[in-house]
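This report concerns only the one structure given below.
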Amino acid sequence: MSQVETIAHDNHAVRVTSITIGMGPISGVEEQLLKNAYPVASAGTIADGADLLVRLTPLRVRCTKCEKESKAKPNRLICGHCGEWRTELISGDELLLLRVELDKSAQAVH
Amino acid sequence: MCDTCGCNITHGNEYLITPGGKLETTANGHEAIDVLHNLLHENDHTAQHNREHFNAHGITAINLMSSPGSGKTALLEATIKALGDEFRIAVIEGDLETENDAERIRSHGVTAIQITTGSACHLDAHMVHDALHKLDLADFDVLFIENVGNLVCPASFDLGQHSNIALLSAPEGDDKPAKYPVMFRTADMVMLSKADLLPILDDFKPDRAEQYLRKLASSAPVIQTSAKSGEGMDEWLDWLRELVASNKPAHTQLSHTHAPHTHP
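So the sequences go chain by chain: H and R. Per this note's numbering, the very first residue in the first sequence carries number -2; after that it's consecutive. Per this note's numbering, the very first residue in the second sequence carries number 809; after that it's consecutive.
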């Protein structure tokens, strides 16, 4: 929330209207729990009442052997093509603030 | 991952912000700012600060994670007995309540700082930073951080450590890496502890535990140990010596620090 407040302040916004979070299945954060906690975390801040949008990123790996990419599950990160276990995670562990939408309209009042 | 050079944008998530991507279109007259900030930035920033402190003093910091009661403190006690004359060791203990673990460590003549987290289920970089202020880092070679016993949350918080060790004790069952993948994939080494119980708990198959770990694309070495019988301790101590040697200032530049490879 402090990151959102900093962005809002730096851009002279009066209100934050939406926040977009990107998260993957192995980020360590659950979408529903984040949504439950959000009203409490945002209460009284410049983002009070802003929509929380969650963009789920897919869990994908790249094989170090056959070099192909495939979908994976949190406890099965092996290559979906050749079964090799030495893979690199391409996406799925992110927990990112992707976008903040700002309302600057009230500036005209001043 | 930093917030300034664009390295948050990876091959895996760049589609979100490229033209035509899901986040590219702006809505209804409000100004939209695309950011791609890591939400754990504040923790990671402090963790990096801790790591720089460690590197400046030539300290190797090791984060021990596991369930409660899997033998983290017993491992440390056995390690202190074996290496107390070789390395100057300090320990940071994380628990919800009590000084019990710190007192166990202190009884071996080793400095221990107890962090009681109240109801928090993990240590974060700020707690460790505060604890570091109670230590004179010039006095130590190795710092063990015994995390709160928990197979979930500690995995998400970088503390500034150079290496993560996950313990899996025989009574817990060999499928824990499959059940708690987020933690086990962050481990640089997995220790199968309480191996002296394996003859009794014969449904725990060390090979099966390793197979579950490999399915997480982890190449971490697996060492079978018993702090009680001494089994596997030589292998563990050699692993530790090698880690410490690779972290000595002569081999480590601040710009190229050794950090657990799996943290985002």
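Every residue, glycine too, gets a C-beta built ideally from N, C-alpha and C.
Discussion item. Tell me the DSSP secondary structure of S1054/R in three-state form.
Written reply: helix
Practice prompt. Could you work out which residues of chain R lie near K101/H, taking near to mean beta carbons separated by less than 7 Å?
Written response: E839
Practice prompt. Inspect the CB distances between the stretch 902 to 916 of chain R and the stretch 989 to 1007 of chain R and report whether three or more fall short of 8 Å.
Written response: no
Fill in: DSSP bridge partner residues for G25/H (one or two, in chain order)
Answer is none; G25/H lacks a bridge partner.
Worksheet item: Going along the chain, which unbroken runs of the beta strand (DSSP E) with 3 or more residues stay wholly within the stretch 944 to 984 of chain R?
Response: 950 to 954 and 971 to 977
Worksheet item: So, does the CB of G80/H fall closer than 8 Å to a CB anywhere in chain R?
Response: no
Worksheet item: Cβ of C813/R less than 8 Å from any chain H Cβ?
Response: Note that C813/R has pLDDT 47, beneath the 50 cutoff, so the model's placement of it is unreliable and the number below is only indicative. Cβ-Cβ to chain H under 8 Å: no for C813/R.
Worksheet entry | Neighbourhood of S1037/R by C-beta distance below 7 Å, restricted to the same chain and skipping five residues each side | D1004
Item to complete: With a cut-off of 8 Å on the beta carbons, I'd call I18/H and L94/H a contact; round off their distance for me.
Response: 6 Å
Worksheet entry | CB contact check: V37/H to chain R, cutoff 8 Å | no
Worksheet item: What residue from P985/R, R993/R, I841/R and L848/R has the CA that sits closest to S1026/R's CA?
Response: R993/R
Practice prompt. Give me whichever residues DSSP pairs with V97/H in a beta bridge.
Written response: I16/H and I841/R
Worksheet item: Under 8 Å, do I16/H and V1/H count as touching if we go by C-beta distance?
Response: yes
Worksheet item: Which residue's Cα is closest to the Cα of I900/R: P989/R, W1047/R and M935/R?
Response: M935/R
Item to complete: If I'm right that T3/H touches D48/H with Cβ under 8 Å, what's the distance once you round it to whole angstroms?
Response: With a Cβ gap of about 19 Å, T3/H and D48/H do not count as contacting.
Item to complete: Output the boundary residues of the alpha helix (DSSP H) element that contains T67/H.
Response: Correcting the residue identity first, residue 67/H is Ser in this sequence and not Thr. Careful: S67/H lies outside any alpha helix (DSSP H), inside the beta strand (DSSP E) at E66 to K68.
Worksheet item: In terms of residues, what are the limits of the alpha helix (DSSP H) holding A10/H?
Response: From DSSP, A10/H is part of no alpha helix (DSSP H); its letter is neither H nor E.
Discussion item. If the criterion is Cβ atoms closer than 8 Å, does the pair P55/H and I23/H meet it?
Written reply: no
Worksheet item: Is it true that the CB of L959/R sits closer than 8 Å to the CB of S875/R?
Response: yes
Practice prompt. Could you tell me which chain R residues have their CB closer than 8 Å to the CB of T14/H, listed as they occur along the chain?
Written response: H838
Fill in: Cross-chain neighbours of N846/R in chain H, by beta carbon under 9 Å
E91, L92, L93 and L94
Discussion item. Under DSSP, the alpha helix (DSSP H) around D903/R begins and ends at which residues?
Written reply: Segment I897 to D903 is the beta strand (DSSP E) holding D903/R; no alpha helix (DSSP H) there.
Worksheet item: Taking just the CA atoms, how far does C929/R sit from R1016/R?
Response: 28 Å
Item to complete: Would you check if the distance between the CB atom of I973/R and the CB atom of L872/R is smaller than 8 Å?
Response: yes
Worksheet entry | E832/R to A40/H span [Cα, whole Å] | With a pLDDT of only 48 at E832/R, under 50, the local geometry of the prediction cannot be trusted, and the value read off the model is given with reservation. Taking the straight line joining both Cα atoms gives about 28 Å.
Fill in: Within-8 Å CB hit, R1022/R to chain H
yes
Discussion item. Taking a contact to mean a Cβ-Cβ separation below 8 Å, would you say A76/H touches S88/H in this structure?
Written reply: Rather than Ala, the amino acid found at residue 76/H in this sequence is Cys. No, the Cβ-Cβ distance between C76/H and S88/H is not below 8 Å.
Worksheet item: What residues match up with E85/H in a beta bridge as DSSP calls it?
Response: R59/H
Worksheet item: Does the Cβ-Cβ distance between L99/H and N8/H come in under 8 Å?
Response: yes
Fill in: Interfacial residues, the stretch 987 to 1021 of chain R to chain H, with Cβ spacing under 8 Å
K987, P989, V990, R993 and Y1020
Worksheet item: How should H37/H be labelled, buried or exposed, when 16 other C-beta atoms within 10 angstroms of its C-beta is the threshold for buried?
Response: For clarity, residue 37/H is Val in the given sequence; the question names His instead. Exposed, since its Cβ has fewer than 16 Cβ neighbours within 10 Å.
Practice prompt. Please confirm if the stretch 843 to 853 of chain R is in contact with the stretch 963 to 981 of chain R, defined as three or more CB-CB distances below 8 Å between the two stretches.
Written response: yes
Worksheet entry | Distance CB(A898/R)-CB(L931/R) smaller than 8 Å | no
Item to complete: Could you name the residues of chain R that N72/H contacts, counting a contact when the two beta carbons are closer than 7 Å?
Response: A986, P989, K1023 and L1024
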